[in-house]
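Peer 1:
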Amino acid sequence: VTQNPRYLITVTGKKLTVTCSQNMNHEYMSWYRQDPGMGLRLIHYSVGEGTTAKGEVPDGYNVSRLKKQNFLLGLESAAPSQTSVYFCASSYRPHRIGDEQYFGPGTRLTVT
Amino acid sequence: GDSVTQMEGPVTLSEEAFLTINCTYTATGYPSLFWYVQYPGEGLQLLLKATKADDKGSNKGFEATYRKETTSFHLEKGSVQVSDSAVYFCALRDNNDMRFGAGTRLTVKP
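Going down the list, the sequences are from chains A and B.
Heads up: the first sequence begins at 6 in this note's numbering, then just goes up one per residue.
Heads up: the second sequence begins at 436 in this note's numbering, then just goes up one per residue.
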């Protein structure tokens, strides 16, 4: 799983997009944010090409899955509260019991 | 909703010491349980998993048993090494929803 860019610094109000790509033919892809002392929290996920769904903390983010191998995370208007490390993850099947997720290396976003 | 509670860190141990990191969960369904490990500057890697009650997951000397009666999935290792220094996350997956604990930072000193 790869993410691009790995580091991003922007200002309040800017629009930005982070790309996640996987070449394992996985159906399920997801975006998390990681904040100190809070673990990872699910933002949005997708169970297949053309589908998206909200996770635990979806507000302020949008996603798209136009191609099976790519899952894009968008911020329409970046806010300082969205400063975080973002991880993409994927797995084979949405409902397969015990399916592990494969994580990307993370994207560190700073909003000033 | 579902949630995971993990013992707070940081945890500092000497090499060859015994490790326990406590994890309890709350879930309405029958989740799968996981331990992930994160090394500095990297994404999470699966350490072990268990998919039903009384299952024991194990890998690299780490073990955890899915205890439905106590809703727990505690991580243990008999003899830690310096290379085990990392952040450990307990997690549960119930269909498409995945919840993580806050993470426990482990430092092992020579």
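Backbone N, C-alpha and C fix where the C-beta goes; we use that ideal spot for every residue, glycine too.
State the DSSP-derived secondary structure class of Gln87 (chain A), mapped to helix, strand or coil.
Peer 2: Gln87 (chain A): helix per DSSP, three-state reduction.
Peer 1: What residues in the region 41–67 of chain A have a beta carbon less than 8 Å from any beta carbon of chain B?
Peer 2: Under the 8 Å Cβ criterion, the region 41–67 of chain A contributes Gly42, Met43, Gly44, Leu45, Arg46, Leu47, Tyr50, Val52, Ala58, Gly60, Glu61.
Peer 1: Quick test of your reading: Cys93 (chain A) and Met34 (chain A), contact by CB under 8 Å. State the CB separation rounded to the nearest angstrom.
Peer 2: Yes, they are in contact, since the Cβ atoms of Cys93 (chain A) and Met34 (chain A) sit about 7 Å apart, within 8 Å.
Peer 1: Tell me whether the region 449–459 of chain B and the region 59–76 of chain A touch, counting them as touching only if at least three CB pairs, one residue from each stretch, are closer than 8 Å.
Peer 2: These segments do not touch.
Peer 1: For the region 492–502 of chain B and the region 528–545 of chain B, state whether three or more C-beta atom pairs, one from each stretch, are separated by less than 8 Å.
Peer 2: With a cut-off of 8 Å, the region 528–545 of chain B and the region 492–502 of chain B do not count as touching, because too few Cβ pairs lie within range.
Peer 1: Applying the criterion that 16 or more other CB atoms from any shown protein chain within 10 Å of the CB defines a buried residue, is Lys512 (chain B) buried or exposed?
Peer 2: Buried.
Peer 1: With 8 Å set as the bound, which would you pick, yes or no: does the beta-carbon of Asn457 (chain B) sit closer than that to a beta-carbon of chain D?
Peer 2: Here the protein chains are A and B, and chain D is not one of them.
Peer 1: How many Å lie between Arg46 (chain A) and Arg534 (chain B) at the Cα?
Peer 2: Each residue's alpha carbon lies about 7 Å from the other.
Peer 1: Against chain B, does Glu32 (chain A) count as a neighbour if the rule is that its beta carbon must be under 8 Å from one of theirs?
Peer 2: For Glu32 (chain A), the answer is no, since every Cβ of chain B falls outside 8 Å of its Cβ.
Peer 1: Closer than 6 Å by C-beta to Ser514 (chain B): which residues in its own chain qualify, once you throw out the five before and the five after it? Chain order, please.
Peer 2: Contacts found: Glu451.
Peer 1: Note down, in chain order, every chain A residue with its Cβ under 8 Å from the Cβ of Ala537 (chain B).
Peer 2: Result: Gly42, Met43, Gly44.
Peer 1: Am I right that Gln8 (chain A) and Cys25 (chain A) are in contact with their C-beta atoms under 8 Å? What's the rounded C-beta distance?
Peer 2: With 8 Å as the limit, Gln8 (chain A) and Cys25 (chain A) qualify as a contact, their Cβ atoms being about 5 Å apart.
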